[in-house]
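Asker: The sequence shown runs 654 to 762 under the numbering used here.
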Amino acid sequence: MKITITGASAVACALLALNARADIEIDPDATIHDSPTTLMGVNHIGLSVKDLDRTLAFYQNVSGFELVSRQSVSNSAAADQLFGVEGVAYEIAVLEAPNMLFEFIEFEH
């Protein structure tokens, strides 16, 4: 299977395709106008943070957003491929907001 991806969703689709074992071509010159889809909203925002515990405490105390997921990842070939670094290790947490999710990642150094 060969997939050609253009437009703003190229990175997200490429990440999903990692598990589908598909060949991917991304058009580096594509613009939002080349996309067959229309932006309907934001699914999530992902941020890399220095201190996951402090970040979660802040966002939960200020906003009341609910923690829906938290996990540590290491020794994962899929994570190594996703981030392009061998031996990547991180902890990831997801907070649920009214219409979207916040994803926070603290990488181990």
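Cβ coordinates follow ideal geometry from the N, Cα and C atoms, glycine included.
1. Kindly list the residues whose CB is nearer than 6 Å to the CB of serine 725, restricted to its own chain and excluding five residues on each side of it in sequence; keep chain order.
2. In its own chain, which residues sit with a C-beta less than 6 Å from the C-beta of alanine 750, not counting the 5 before and 5 after it?
3. Please report the distance separating the alpha-carbon of glutamate 678 from that of aspartate 687.
4. Suppose you measure from the CA of serine 722 to the CA of methionine 693; what does that come to, to the nearest Å?
5. Taking the straight line between their C-alpha atoms, what separation do you get for phenylalanine 757 and valine 702?
6. Taking the alpha carbon of leucine 754 as the point to measure from, which residue in Asn696, Asp680, Asp682 has its own alpha carbon closest?
7. Expressed to the nearest angstrom, what Euclidean distance is found between the alpha-carbon atoms of glycine 740 and isoleucine 698?
Answerer: This is what the structure holds:
1. Within the sequence shown, numbered from 1, the residue matching residue 725 stands at position 72. For serine 725, where only same-chain residues beyond five positions count, the Cβ hits under 6 Å are Glu744.
2. Taking the sequence shown and counting its residues from 1, the one referred to as residue 750 is at position 97. Phe718, listed in sequence order.
3. Walking along the sequence shown from the start, residue 678 turns up at place 25. Walking along the sequence shown from the start, residue 687 turns up at place 34. Answer to the nearest angstrom: the Cα atoms are 15 Å apart.
4. Looking up residue 722 in the sequence shown gives position 69. Looking up residue 693 in the sequence shown gives position 40. If I take the Cα positions, the gap works out to 25 Å.
5. Position 104 of the sequence shown, counted from the first residue, corresponds to residue 757. Position 49 of the sequence shown, counted from the first residue, corresponds to residue 702. One C-alpha to the other measures close to 6 Å.
6. To locate residue 754, count along the sequence shown from 1; it is residue 101. Among Asn696, Asp680, Asp682, the Cα nearest to that of leucine 754 is on Asn696.
7. Here residue 740 corresponds to residue number 87 of the sequence shown, with the count starting at 1. Here residue 698 corresponds to residue number 45 of the sequence shown, with the count starting at 1. In a straight line, the C-alpha of glycine 740 is about 24 Å away from that of isoleucine 698.
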